[in-house]
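Participant:
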Amino acid sequence: MVKYQDEALDQTFAALSDPTRRALLARLGERDCLSVSELAAPFPISLPAIMKHLDVLTDAGLIVREKSGRTVACRLTAQPMQQAMNWLNRYAQFWSDNLDRLAAFVEKDPWPTQPSTPSPAQPNSQASRSRAGSARGRKKSTPPGRKPSS
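To convert, count from 1 in the sequence shown and add 972; that's our numbering.
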């Protein structure tokens, strides 16, 4: 098992896992800097709940809060998101390469246009046997811990 430890990346993805936090980031992406009350305005949750979401985003390094008098303003920071994008791009490249190889393989040997059907002169004896008939010779299973009766 691979022991990959990057706490900053874990915090970034944990912060992005919540739809409310993603919506807060999207609002901050539309404008450079917003106050906490401006950020909270369109959400149907309390200001203390918004503050908890902002704490998670701050801990992950996705936003910075600046206090000016009685107003706390929030703005995006790019580095944690850039680290997450770099991590995702490595896997995107991996899957892109594998899917390209799969496409090349499938295109190399095209499928037949018409399915081949067996001729009626050669009946398939296996297909005519019923499932019920093949179950007769099967051994019955016993529950765990019990001995089969003879």
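We treat Cβ as the ideally placed atom computed from N, Cα and C, and that holds for glycine.
Remember, it's a predicted structure, so these values are computed and weren't measured experimentally.
Can you grab the Cα-Cα spacing for the pair Phe1077 / Cys1005, in whole Å?
Facilitator: To locate residue 1077, count along the sequence shown from 1; it is residue 105. To locate residue 1005, count along the sequence shown from 1; it is residue 33. Cα to Cα, the separation comes out at about 50 Å.
Participant: Is it buried or exposed, Arg1042, if we count other Cβ atoms within 10 angstroms and call 16 or more buried?
Facilitator: The residue labelled residue 1042 in the question sits at position 70 within the sequence shown. With fewer than 16 other CB atoms across the displayed protein chains lying within 10 angstroms of its CB, Arg1042 is exposed.
Participant: Can you tell me whether Val1028 is buried or exposed, with buried defined as 16 or more other CB within 10 angstroms of its CB?
Facilitator: One-based indexing of the sequence shown puts residue 1028 at position 56. By the beta-carbon neighbour count (other beta carbons within 10 angstroms, threshold 16), Val1028 is buried.
Participant: Quick one, are the C-beta atoms of Ser1007 and Val1044 less than 8 Å apart?
Facilitator: Here the question's residue 1007 lines up with position 35 in the sequence shown. Here the question's residue 1044 lines up with position 72 in the sequence shown. In this structure, Val1044 lies closer than 8 Å to Ser1007 by Cβ.
Participant: For the beta strand (DSSP E) holding Arg1047, just list the boundary residues, first then last.
Facilitator: If you number the sequence shown from 1, residue 1047 lands on position 75. Arg1047 -> beta strand (DSSP E) spans 1043 to 1048.
Participant: Spatial neighbours of Met1023 within its chain, please: C-beta separation below 8 Å, excluding the five flanking residues on both sides.
Facilitator: Position 51 of the sequence shown holds residue 1023. Only Val1008 meet the Cβ criterion.
Participant: With a Cβ-Cβ cutoff of 8 Å, do Thr1049 and Leu1026 count as a contact?
Facilitator: On the sequence shown, residue 1049 is found 77 positions in, with the first residue counted as 1. On the sequence shown, residue 1026 is found 54 positions in, with the first residue counted as 1. Not a contact, by the Cβ cut-off of 8 Å.
Participant: Taking Arg1037 as the reference, which of Ser989, Thr984, Leu1000 has the closest Cα?
Facilitator: By one-based count along the sequence shown, residue 1037 stands at place 65. With distances taken between Cα atoms, Arg1037 lies closest to Leu1000.
Participant: Mind checking Ala1012: buried by the 16 CB within 10 Å criterion, or exposed?
Facilitator: The residue given as residue 1012 occupies position 40 in the sequence shown. Buried is the call here.
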